[in-house]
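**Q**
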Amino acid sequence: MLDKNLIEDFGSMVFSEKLMEERLPNPVYRKWKQTVAYEGTLDRQTADAIAHAMKRWACENGATHFTHWFQPMTGSTAQKHDAFIEPSETGEPLLRFSGKSLIKGEPDASSFPSGGLRATFEARGYTYWDFKSPAFIRDGVLCIPSVFVSYNGESLDKKSPLLKSIDALNKASTRVVNILGDKDVKYCYPVVGLEQEYFLIDKEYYDSRLDLILCNRTLFGAIPSKAQELDDHYFGSIPSRVHEFMKDVNNELWKLGIYAKAEHNEVAPGQFELAPIFSNANIAVDQNQIIMDVLKECAKKHNLACLLHEKPFDHINGSGKHNNFSIMTDDGQNLFSPGDKPAENIRFLVYICAFIKAIDTYPELLRMSASNAGNDHRLGANEAPPAIISIYLGNYIENILYSIYKDKKITDKDEKKDFNPINGLSYIPHDNADRNRTSPLAFTGNKFEFRMLGSSQSAAIPNVVLNSIMAESLNEIADQLEGFKYLQDIRDKAMLICKNIIKEHKRIIFSGDGYSSEWIKEAARRGLANIPSFIESVSSLIEPKAIKLFTSLNIFSEKELYAREEILSEQYIKTILIEAKTLKRIANNQIIPLMINDLQNIAKTQSLLKIKNKYISEKINKISTFIDDISEQITILDETISSLESYKDNFEKGKKYYYEICPILEKIRSTIDEYETIADINIYNIPTYSDMLFKKL
Ligand code: ADP
Ligand code: MG
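Per the numbering used here, the very first residue in the sequence shown carries number 208; after that it's consecutive.
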């Protein structure tokens, strides 16, 4: 039962539009609303008035501090708390929060990555209020969503390029919609729905695994005798402990105005999913950050640990994030909606073709945007989309595009006849709810679902890329459509543009099994990019075509792109280095001592019983070989790390890490895993995969 309290509580911790309307003087509210709708800029007086109302609301709701809540390039969020209360001139306490504090903050920026954008003599960075995303209260702190930039205005975060890309897409899309005849549309905006996967394990297990604590993933662990073969977890009943946790998560999210919807078990044991209802891209990305925080926080309260890593367990399905993307007009039309007659819906066809062109032109950027060190364990590994970018459209849309390409007249009647859709629902493309789960980008009825994202990633950059490439594609179409006087000429020209795009970019369309080895060959034949690792995709940021794309749309300067390439490379190296050091520690401090213990125990038994047993001798040999193997690999690991220290270029160094360090870690791991399968259970005291995945949930 959804009780009254729930409804009353919904959004109670958000300074929502409704609250603004209620609490702000009408001219102030209207001014804010106009600015959100791309009309004019927010002046200081308006900001002051909003700050005043916001402070009152926050204090009434128990907030004592405020913070600019921002998303530095670390991937998580950052905040610096300031108290509302200040001494007045006479020393009396005073509640103060001015328009200036609302608009601008000066956190100490020196500990955030900047890729050289912030010279050491000017370590300051500034945060500026993003008035388009609502402020909210968490743990007594008023959080003000903000962008984070350097002294010179260069972006040091993930939100500022996102906002710029939303503007670029707005301009381009509004142009196209207006040219195609809908003059009433004033602005367009991307909307996004993010499905979030995660694992839950008992906190006690988590606390006894140094690898989980330091690297967020297990660096070793033998495959359990039962994994996910029986498919009994997917949509199975949710364990009551998890159910309680989810209830708590939902309550927390509802208070923050987030409609958390689906909650079901995923493919792997211990794996779950949460999907809020879509909203504009900026808010959706903010909300996803909040969701990740809430999941982790709530898990702790329930004595659980929430693992957001892409691949916490080898051999077991990893976690992703699905980015459902479409573009809306200010009057509520979805530009990817096929309507009842898609074959005649020129605007829809233009948007689909613009998307196809965008994706086929920038697959490397998309691949980069959806990757990190963790996602390297998933992409292309038969559980997630392959690392090759392709689009699945479904037969229905594909057939329409094919007929355009072949100049075959196709009427809506033909489509219906051809595809024999379900009775009474003929206007719904019968396979629009794509179940081809292997495609990295699937058209699902009225949106594209980008399925490559890693679960722990911020969704900002993938959306920066989607918005930017779509903006460029739409601008090019608008350029070609401008100058025609009559609507019919514009429509004819639009169809011709679509035909050319299909001809040139049809190679990106693929409906088959993306996990198959044939696809890899076929994709190579089609000339599609197949970038094997995250680090190798990082250089896509500084390719000439990317520089041209982002600088011409004013989303990134060339300097900012180089800085990002540097930051991502450096982060990659750091991640792998932490994994290497952690595994070495675990091997030296835990695993080898366990092996020695095991050996001592066997030796004791042997001398006590005075027996010669084949199994026992073999076991002794095996374990002592394991010890030698591990220590030998650790020596190689140390030597390799030292030999790479002289590399000055982090991108080159990162590639070396991928091709030289990662395989050593794999070798050490496989020895540890082999040992686990024969270890004395009374000695092997580290939580195993079976413990973590199947017990205590
Ligand atoms: P799935 O079958 O993959 O679980 P759902 O239909 O449950 O897909 O939707 C997944 C996500 O897509 C949800 O977050 C939902 O709000 C979002 N979504 C639905 N329609 C749109 C749209 N037009 N644009 C963007 N996101 C959308
Ligand atoms: Mg999905």
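All residues carry an ideal CB built from backbone N, CA and C; glycine is no exception.
1. In three-state DSSP terms, what is Asn-653?
2. Work out the CA separation of Ala-506 and Phe-452 for me, nearest whole Å.
3. Pull up the distance between the alpha-carbon of His-712 and that of Glu-679, whole angstroms please.
4. Report the residue ranges of all alpha helix (DSSP H) runs contained in full by the stretch 369-456; include only those spanning at least 4 residues, in chain order.
5. Taking C-alpha atoms, which residue in His-529, Asp-391, Leu-349, Ile-490 lies nearest to Lys-366?
6. Which residues in the same chain as Lys-287 place their Cβ atom closer than 8 Å to its Cβ, once the five residues preceding and following it in sequence are excluded?
7. Just to check, is the beta-carbon of Ile-484 closer than 7 Å to a non-hydrogen atom of the ligand ADP?
8. In chain order, what residues of the same chain have a beta carbon less than 7 Å from the beta carbon of Lys-654, not counting five sequence neighbours either side?
9. Indicate the three-state DSSP secondary structure (helix, strand or coil) for Glu-293 in the structure shown.
10. Have a look at Leu-608 and Asn-602 and give me their C-alpha separation to the nearest angstrom.
11. For His-516, is the beta carbon positioned less than 7 Å from some heavy atom of the ligand ADP?
12. Ignore the nearest five residues each way along the sequence and tell me which others in Val-745's own chain have a CB closer than 8 Å to its CB.
13. The beta strand (DSSP E) with Lys-528 in it runs from where to where?
14. Quick check: is any heavy atom of the ligand ADP less than 7 Å from the C-beta of Glu-656?
15. Assign Asn-472 to one of two classes, buried (16 or more other C-beta atoms within 10 Å of its C-beta) or exposed (fewer than that).
16. Just to confirm my understanding: we take Ile-793, look at its own chain, exclude 5 residues before and 5 after, and list those with CB closer than 6 Å. What are they?
17. In this structure, does DSSP put Ser-340 in helix, strand or coil?
18. Contact check, Leu-387 vs Ile-553 under 8 Å by CB: the rounded distance?
19. By alpha-carbon positions, which one of Pro-894, Ser-665, Cys-266, Arg-230 ends up nearest to Ile-344?
20. Terminal residues of the continuous alpha helix (DSSP H) containing Thr-248?
21. Mind checking Glu-590: buried by the 16 CB within 10 Å criterion, or exposed?
22. Here's a check: name, in chain order, each residue in its chain whose Cβ is nearer than 6 Å to the Cβ of Asn-582, leaving out the five neighbours to either side.
23. Is Ser-533 close to the ligand ADP? I mean its beta-carbon at under 7 Å from any heavy atom of the ligand.
24. Of all the CB atoms in chain D, is at least one closer than 8 Å to the CB of Pro-232?
25. Output the distance between the C-alpha atoms of Asn-828 and Thr-878, rounded to the nearest integer angstrom.
26. So the beta strand (DSSP E) His-275 belongs to, where does it begin and stop?
27. Considering only the beta carbon of each residue, do Pro-279 and Pro-320 sit closer than 8 Å?
28. Look at the Cβ atom of Ile-716, then the Cβ atom of Thr-568, and state whether they are nearer than 8 Å.
29. Do you know how far the Cα of Leu-502 is from the Cα of Val-456?
30. What's the call for Asp-835, buried or exposed, on a 16-neighbour Cβ count within 10 Å?
31. Roughly how many angstroms lie between the CA atoms of Phe-562 and Ile-783, to the nearest whole one?
32. Have a look at Ser-824 and Tyr-769 and give me their C-alpha separation to the nearest angstrom.
33. Assign Tyr-599 to buried or exposed, taking buried as 16 or more other Cβ atoms, counted over all protein chains shown, within 10 Å of its Cβ.
34. Tell me whether the stretch 867-886 and the stretch 421-434 touch, counting them as touching only if at least three CB pairs, one residue from each stretch, are closer than 8 Å.
35. For the stretch 391-401 against the stretch 254-264, do three or more pairs of beta-carbon atoms, one drawn from each stretch, fall closer than 8 Å, so that the two count as touching?
36. Note the first and the last residue of the continuous alpha helix (DSSP H) segment covering Phe-833.
**A** The answer reads as follows:
1. Here the question's residue 653 lines up with position 446 in the sequence shown. If DSSP states are grouped into helix, strand and coil, Asn-653 belongs with coil.
2. By 1-based counting over the sequence shown, the position of residue 452 is 245. By 1-based counting over the sequence shown, the position of residue 506 is 299. Here the alpha carbon of Phe-452 sits roughly 7 Å from the alpha carbon of Ala-506.
3. Here residue 712 is taken as the residue at index 505 of the sequence shown, counted from 1. Here residue 679 is taken as the residue at index 472 of the sequence shown, counted from 1. Rounded to the nearest angstrom, the two C-alpha atoms are 15 Å apart.
4. Within the stretch 369-456, complete alpha helix (DSSP H) segments of at least 4 residues are found at 410-414, 417-422, given in chain order.
5. Here residue 366 refers to the residue found at position 159 of the sequence shown. Closest by alpha carbon: Ile-490.
6. Numbered from 1 along the sequence shown, position 80 holds the residue referred to as residue 287. Excluding residues within five positions, the ones whose Cβ falls inside 8 Å are Thr-274, His-275, Gly-312, Pro-314, Asp-315.
7. Taking the sequence shown and counting its residues from 1, the one referred to as residue 484 is at position 277. Answer for Ile-484: yes, Cβ within range of the ligand ADP.
8. Indexing the sequence shown from 1 puts residue 654 at position 447. Excluding sequence neighbours, Lys-654 sits near Asn-531, Phe-532, Ser-533, Phe-543.
9. Within the sequence shown, residue 293 is the residue found at index 86, counting from 1. If DSSP states are grouped into helix, strand and coil, Glu-293 belongs with the strands.
10. Here the question's residue 608 lines up with position 401 in the sequence shown. Here the question's residue 602 lines up with position 395 in the sequence shown. The alpha-carbon atoms of Leu-608 and Asn-602 are separated by roughly 10 Å.
11. As a working mapping, residue 516 is identified with position 309 in the sequence shown. No, Cβ of His-516 sits at least 7 Å from all heavy atoms of the ligand ADP.
12. The sequence position of residue 745 within the sequence shown is 538, counting from 1. Hits under 8 Å: Met-575, Glu-772, Leu-775, Ser-776, Tyr-779, Phe-858, Gly-861.
13. Translated into positions along the sequence shown, residue 528 becomes position 321. Looking at the DSSP string, the run of the beta strand (DSSP E) that includes Lys-528 is 528-536.
14. Taking the sequence shown and counting its residues from 1, one reaches residue 656 at position 449. Yes, the Cβ of Glu-656 comes within 7 Å of a heavy atom of the ligand ADP.
15. Within the sequence shown, residue 472 is the residue found at index 265, counting from 1. Per the 10 Å Cβ criterion, buried.
16. Reading the sequence shown from its first residue, position 586 is the one you call residue 793. Excluding the 5 residues flanking it on each side, Ile-793 has same chain C-beta neighbours closer than 6 Å at Leu-417, in chain order.
17. For the purposes of this step, residue 340 is taken as the residue at position 133 of the sequence shown. Three-state result, Ser-340: coil.
18. Position 180 of the sequence shown holds residue 387. Position 346 of the sequence shown holds residue 553. Contact holds; Cβ gap of about 7 Å.
19. Residue mapping note: residue 344 aligns to position 137 of the sequence shown, counting from 1. Its Cα nearest to that of Ile-344, the residue Cys-266 stands out among Pro-894, Ser-665, Cys-266, Arg-230.
20. Walking along the sequence shown from the start, residue 248 turns up at place 41. No alpha helix (DSSP H) holds Thr-248; DSSP gives it neither H nor E.
21. Walking along the sequence shown from the start, residue 590 turns up at place 383. With 16 or more other Cβ atoms from the protein chains shown falling within 10 Å of its own Cβ, Glu-590 counts as buried.
22. In the sequence shown, residue 582 corresponds to position 375, counting from 1. Cβ neighbours of Asn-582 beyond the five flanking positions: Glu-517, Gly-661.
23. As a first step, residue 533 is located in the sequence shown; it is residue number 326 there, counting from the start. It does: the Cβ of Ser-533 is within 7 Å (strictly closer) of some heavy atom of the ligand ADP.
24. Protein chain content of the structure displayed is limited to a single chain, and chain D is not contained in it.
25. Locating residue 828 in the sequence shown gives position 621, counting from the first residue. Locating residue 878 in the sequence shown gives position 671, counting from the first residue. Rounded to the nearest whole angstrom, the C-alpha separation of Asn-828 and Thr-878 is 14 Å.
26. On the sequence shown, position 68 is the one that residue 275 refers to. Element bounds for His-275: 272-276.
27. Numbered from its first residue, the sequence shown carries residue 279 at position 72. Numbered from its first residue, the sequence shown carries residue 320 at position 113. Going by C-beta atoms, Pro-279 is nearer than 8 Å to Pro-320.
28. Taking the sequence shown and counting its residues from 1, one reaches residue 716 at position 509. Taking the sequence shown and counting its residues from 1, one reaches residue 568 at position 361. Their beta carbons are not under 8 Å apart, which means Ile-716 does not touch Thr-568 by this criterion.
29. Taking the sequence shown and counting its residues from 1, the one referred to as residue 456 is at position 249. Taking the sequence shown and counting its residues from 1, the one referred to as residue 502 is at position 295. Across the structure, Val-456 and Leu-502 are spaced so that their CA atoms are roughly 6 Å apart.
30. Counted from its first residue, the sequence shown places residue 835 at position 628. Label assigned to Asp-835: exposed.
31. The count along the sequence shown starts at 1 and reaches residue 562 at position 355. The count along the sequence shown starts at 1 and reaches residue 783 at position 576. Answer to the nearest angstrom: the Cα atoms are 35 Å apart.
32. As a position in the sequence shown, residue 824 is number 617, starting the count at 1. As a position in the sequence shown, residue 769 is number 562, starting the count at 1. About 58 Å.
33. Here residue 599 refers to the residue found at position 392 of the sequence shown. Sixteen is the threshold: when 16 or more other Cβ atoms of the shown chains lie within 10 Å of the Cβ of Tyr-599, as they do, the residue is buried.
34. Between the stretch 867-886 and the stretch 421-434, the count of Cβ pairs shorter than 8 Å is three or higher; the stretches touch.
35. These segments do not touch.
36. To locate residue 833, count along the sequence shown from 1; it is residue 626. Under the DSSP assignment, Phe-833 falls in the alpha helix (DSSP H) whose first and last residues are 821-851.
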